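Taking full-length UniProt numbering, I'd label the letters of the sequence shown as residues 1 to 391.
For glycine and all other residues, C-beta sits at the position ideal for the given N, C-alpha and C.
Treat the numbers as computed from the prediction; the structure is a model and nothing was measured.
To start, the structure under review is shown below, and the notes come after it.
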Amino acid sequence: MENTGVRRPRARRAAAVLAAGLLFFGPVVAFATGERAVELENRKLPDFPDLTEGWAVIPKLESWANAHLPLRQHAVSGNAALSHLLFEQPPTYHSGGPPTYPRVIEGRDGWLYFGDDVAEGCRPKWSIDETLDRVHRLARIVRQSGRKFVFTVAPDKTTIHPERLPERFLGKGCMERRKREFWAALERADPEGYVDLRSALLTMRNETGKPVYWRTDSHWNDRSAALYGTLLAEAVQPGLTEGTTLTRAGSQARTGDLGPLMGVPREEIIELWSLKRDGVRQVSRDDSGTPLWFGVSNTSRKAPLFKPKTVLIGDSFTRNSAPWVTPYFADLTVMRSDAPARAGTGQVAERIAASDVVIFEMVERYFVGGHGEMLDDATLLAVEQALREDT
């Protein structure tokens, strides 16, 4: 009995030392064995801060270190799983500063929504009018050079499927007010070349009685991606969708992009669809610009193709929809809308100058939040200069 009383404190101390060792040295050992931090929130890892900023660099350095910590994704996953087990809700993170809006909103029936819909609406950078003025400025620059300009807005999932949102969540009021303001302003502006995806998606949702976005993902599903492709095709050339067939091609399990943001991947069974265009064949694909852009060339023996050289600039909605868009074009370049931030404005201006038609897509949350790399002053000036020199 006496020996047992001595061993217990020693055992507790040993466990505490082991836990501390794992906490402090686990990431170091993981790094030495090749483990690296990964992107958790659909955003690239932050760059190392500029040390010349003085004391202002300290919070940035802390954020950089946290983001680049090896094994971080496993810690986030474990924390989320424990929170769901104990409290049946995702963990919350609050630093005592401004409101921390949820990364993911858990709705009814297993539906998940991207928290950035809230954050963008509640912390906007530009006013709605200024954002639309910048779109108009980009359109004017392109059209004055003799090129065609088309633009569209990929609606947020919270806009198309609000019926499964929870009754209450942080930021709901300011998000909904800002959304109403944006769509009303866009309707009043009635811009030339605008493709109304929102109305088309709502119509398809109501007519089919089926979801048009994935339950566990922030994006629309394959059938909606096909609709996006047909709307762009008809916008650049009426009748371009002739000779096109969309057929059901079974189903499969799929893990959406929102579950991993909570640390708990969620799987769902999705419908698969197949797009066929009579006589259309891809003859080449240029991946030399990956991951910023790629190019596709098609030929056709029957179905019509859009012949003018086209650049489609868009975000993840466009990238995910590429298989449903590219078969309509003889010469198409698909470019990331954040390319100006990733590689500078020059490459974007160069791609636009090399094209006859410019299509611009951006998700609703960025219009609502009032920001976008394609609409920054530096990008607009670079495009204007490149097109002026090209004419």
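Sub-8 Å separation of residue i and residue j beta-carbons
| i | j | result |
| --- | --- | --- |
| Ala341 | Thr244 | no |
| Ser337 | Asp356 | no |
| Met335 | Arg351 | yes |
| Glu268 | Thr216 | yes |
| Val358 | Phe306 | no |
| Ile128 | Glu384 | no |
| Leu186 | Leu380 | no |
| Pro378 | Gly346 | The identity of residue 378 in the sequence shown is Ala, whereas the question assumes Pro. No, they are not a contact pair. |
| Tyr101 | Gly115 | yes |
| Trp214 | Gly259 | no |
Distance, residue j Cα to residue i Cα
| i | j | result |
| --- | --- | --- |
| His94 | Arg365 | For His94, the pLDDT reaches just 49, beneath the cut-off of 50, and the residue's location in the model is therefore unreliable, although a value from the coordinates is still provided. His94 and Arg365: Cα-Cα distance of roughly 23 Å. |
| Leu292 | Arg319 | 11 Å |
| Asp190 | Glu106 | 34 Å |
| Thr131 | Gly369 | 9 Å |
| Asp331 | Ala225 | 20 Å |
| Phe87 | Val264 | Any reading at Phe87 must be qualified, since the residue scores a pLDDT of 45, below 50, and its modelled position is unreliable; no value is offered. |
| Glu181 | Lys309 | 35 Å |
| residue 402 | Leu197 | Missing from the structure shown is residue 402; the chain here goes from 1 to 391 and no further. |
| Leu261 | Gln144 | 43 Å |
| Val104 | Val135 | 29 Å |
| Gln252 | Leu112 | 19 Å |
| Arg388 | Asp376 | 18 Å |
| Lys210 | Ala184 | 26 Å |
| Gly193 | Lys148 | 9 Å |
| Asp278 | Thr290 | 29 Å |
| Thr230 | Pro238 | 10 Å |
| Val363 | Trp126 | 15 Å |
| Glu361 | Asp133 | 16 Å |
| Ala339 | Gly372 | 11 Å |
| Ala343 | Phe48 | 17 Å |
| Phe367 | Lys276 | 33 Å |
Neighbourhood of residue i by C-beta, 6 Å cutoff - its chain only, sequence neighbours within 5 removed
| i | result |
| --- | --- |
| Val280 | Asn298, Ser300, Ala303, Pro327 |
| Asn42 | At Asn42 the pLDDT is 49, less than 50, meaning the model places this residue with poor confidence and gives no usable figure here. |
| Ser274 | Thr247, Ala249 |
| Ala386 | Ala349, Ala353 |
| Pro124 | Gly369, Gly370 |
Other residues of its chain near residue i: CB distance less than 8 Å, five sequence neighbours each side excluded
| i | result |
| --- | --- |
| Arg285 | Phe294, Gly295, Val296, Ser297 |
| Pro99 | Cys122, Leu170, Gly171 |
| Leu232 | Val150, Thr152, Val195, Leu312, Val325, Tyr328, Ile359 |
| Glu234 | Leu240, Thr241 |
| Gly146 | Thr391 |
From the options, residue whose alpha carbon lies closest to that of residue i
| i | options | result |
| --- | --- | --- |
| Arg254 | Arg248, Leu261, Arg266, Met262 | Arg266 |
| Gly178 | Ala249, Asp156, Val195 | In the sequence under discussion, the amino acid at residue 178 is Arg, which differs from the Gly named in the question. Among Ala249, Asp156, Val195, the Cα nearest to that of Arg178 belongs to Asp156. |
| Val325 | Thr241, Gly171, Leu186, Phe169 | Thr241 |
| Ile173 | Ser288, Asp117, Leu186 | Residue identity differs from the one stated: residue 173 is Gly in this sequence, not Ile. The shortest C-alpha separation from Gly173 is found at Asp117. |
| Ala322 | Val195, Val212, Trp220 | Trp220 |
| Phe317 | Glu384, Glu192, Arg223, Gln385 | Arg223 |
| Ala154 | Arg168, Ser218, Arg103, Gly344 | Ser218 |
| Val212 | Asp376, Thr158, Ala184 | Thr158 |
| Ala200 | Trp183, Glu192, Arg103, Tyr228 | Tyr228 |
| Ser288 | Thr333, Gln252, Leu258 | Thr333 |
| Arg108 | Asp257, Val363, Arg168 | Arg168 |
| Glu120 | Gly344, Glu176, Gly146 | Glu176 |
Other residues of its chain near residue i: CB distance less than 7 Å, five sequence neighbours each side excluded
| i | result |
| --- | --- |
| Leu202 | Ile160 |
| Val283 | Ser297, Asn298, Thr299 |
Query - the stretch 190-206 touching the stretch 164-178, judged by at least three CB pairs closer than 8 Å - result: no
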